[in-house]
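J.:
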Amino acid sequence: MIILEGKNLRKTYGYAENKVDAIKNISIEIEEGSFVAVVGTSGSGKSTLLHVLAGLVKPNAGKVYLQGESLYDMNDDRLTRLRRRKMGFVFQFFNLITTHNVIENIVLPIHLDNRQVDEEYVDEIIDLLKLKEKKYAFIHELSGGQQQRVAIARALASKPAIIFADEPTGNLDAKSSQEVIQLLKIVQRKYHETVIMVTHDEMIANVADRILRIEDGQIIQDTAQKNE
Ligand code: ADP
Ligand code: ADP
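Under full-length UniProt numbering, the sequence shown has 35 at position 35, and the numbering climbs by one with no breaks.
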């Protein structure tokens, strides 16, 4: 089943001689439960594509459908609510709240959304992401890899339909990067989550089921990978 669809997307920044066509007529379908990596050099349009698909940047043309709903045909309040309910985000800079401990960070979006925390499920995620010993630790007590695992746990905790990850290992050394990405893969598989991840790192992209290569605002390659 297709969970997310982008149709004829275009995004242009600036105007006149400063005009940049960041995304040039991209169409894409994301299969539910798949792990998709978007790769390409710096400036190729990866982040813009991710932000357009996540309802964060309105395209100049084209449509984005999440589970059949058109993101840019609803009002801002509705889109914000839909993002909270259905999307999880993992960023390069972990965006954790330093005045809160690990578990508080993980459940914060659920509380902000006035929803009930599924404690058993959250504990299971914490366990899978190897954060059990750090459950009550503060963010400054954690390594970069641990902080990113907390951010992944937070993204998963509200059981989103899809997780958007923007250079999730961009701020980590090679060893922590591999560890973080392998753990993300494990939880993705276990809960049949859909993940779309932007990375410039080919080694990291290798965990994905599918690699989309972007160049100059266009998809130049779309490869399925055998991955158990
Ligand atoms: P990538 O993520 O692959 O590095 P981006 O999507 O960030 O690529 O950028 C694609 C192009 O759009 C680049 O030429 C970049 O300079 C330009 N761009 C991105 N964001 C903006 C912005 N907010 N304003 C103007 N130009 C932008
Ligand atoms: P925007 O202001 O761009 O609409 P939202 O307020 O909808 O963004 O937040 C996007 C996501 O981040 C949601 O999942 C939301 O629950 C979460 N969120 C918002 N504020 C915080 C915060 N202070 N700490 C952690 N997560 C937050």
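The beta carbon of each residue, even a glycine, is placed where N, CA and C say it ideally should be. Values in this document were obtained by computation on a predicted structure and should not be read as measured data.
Quick check on DSSP: helix, strand or coil for ILE219?
T.: Within the sequence shown, the letter at position 219 stands for residue 219. Of the three classes helix, strand and coil, the one that applies to ILE219 here is strand, per DSSP.
J.: From ILE162 to GLN67, what does the alpha carbon distance come to, in whole angstroms?
T.: Here residue 162 refers to the residue found at position 162 when the sequence shown is read from its first residue. Here residue 67 refers to the residue found at position 67 when the sequence shown is read from its first residue. If I take the Cα positions, the gap works out to 10 angstroms.
J.: From MET203 to ASN171, what does the alpha carbon distance come to, in whole angstroms?
T.: Against the sequence shown, residue 203 aligns to sequence position 203. Against the sequence shown, residue 171 aligns to sequence position 171. Going by the C-alpha atoms only, they are around 15 angstroms apart.
J.: Does the beta-carbon of VAL20, which I'm using as the reference point, lie nearer than 7 angstroms to any heavy atom of ligand 1?
T.: Numbered from 1 along the sequence shown, position 20 holds the residue referred to as residue 20. Correct: VAL20 has its Cβ closer than 7 angstroms to ligand 1.
J.: Between LEU82, ILE125, LEU212, which lies nearest to LEU56 when the distance is taken from Cα to Cα?
T.: Here residue 56 refers to the residue found at position 56 of the sequence shown. Closest by alpha carbon: LEU82.
J.: Check the DSSP bridge columns for residue 231 and list the partner residues they point to.
T.: An answer regarding residue 231 cannot be provided, because it is not within the stretch 1 to 228 covered by the chain.
J.: Would you mind working out which of ILE3, ASN25, ILE125 sits nearest ALA61, comparing C-alpha positions?
T.: The residue labelled residue 61 in the question sits at position 61 within the sequence shown. The option with the nearest alpha carbon to ALA61 is ASN25.
J.: Does at least one heavy atom of ligand 1 sit under 7 angstroms from the Cβ of ILE15?
T.: What you label residue 15 is simply residue 15 of the sequence shown in a count that begins at 1. The sequence shown places Tyr at residue 15, rather than the Ile named in the question. Flag unset: Cβ of TYR15 not near ligand 1.
J.: Are the region 119-132 and the region 38-50 touching by the rule of at least three beta carbon pairs closer than 8 angstroms?
T.: No contact exists between the region 119-132 and the region 38-50.
J.: Got a sec, what are the start and stop residues for the alpha helix (DSSP H) GLY145 sits in?
T.: Locating residue 145 in the sequence shown gives position 145, where the first residue counts as 1. Element bounds for GLY145: 144-157.
J.: Mind checking who ASP166 pairs with in its DSSP beta bridge?
T.: For the purposes of this step, residue 166 is taken as residue 166 along the sequence shown, with counting starting at 1. BP columns for ASP166 point to VAL198.
J.: Sort out for me which residues DSSP pairs ILE211 with in a bridge.
T.: For the purposes of this step, residue 211 is taken as the residue at position 211 of the sequence shown. Paired residues: ALA37, THR223.
J.: On the DSSP letters alone, give me the boundaries of the alpha helix (DSSP H) that ILE103 sits inside.
T.: Within the sequence shown, residue 103 is the residue found at index 103, counting from 1. That run of the alpha helix (DSSP H) goes 102-112.
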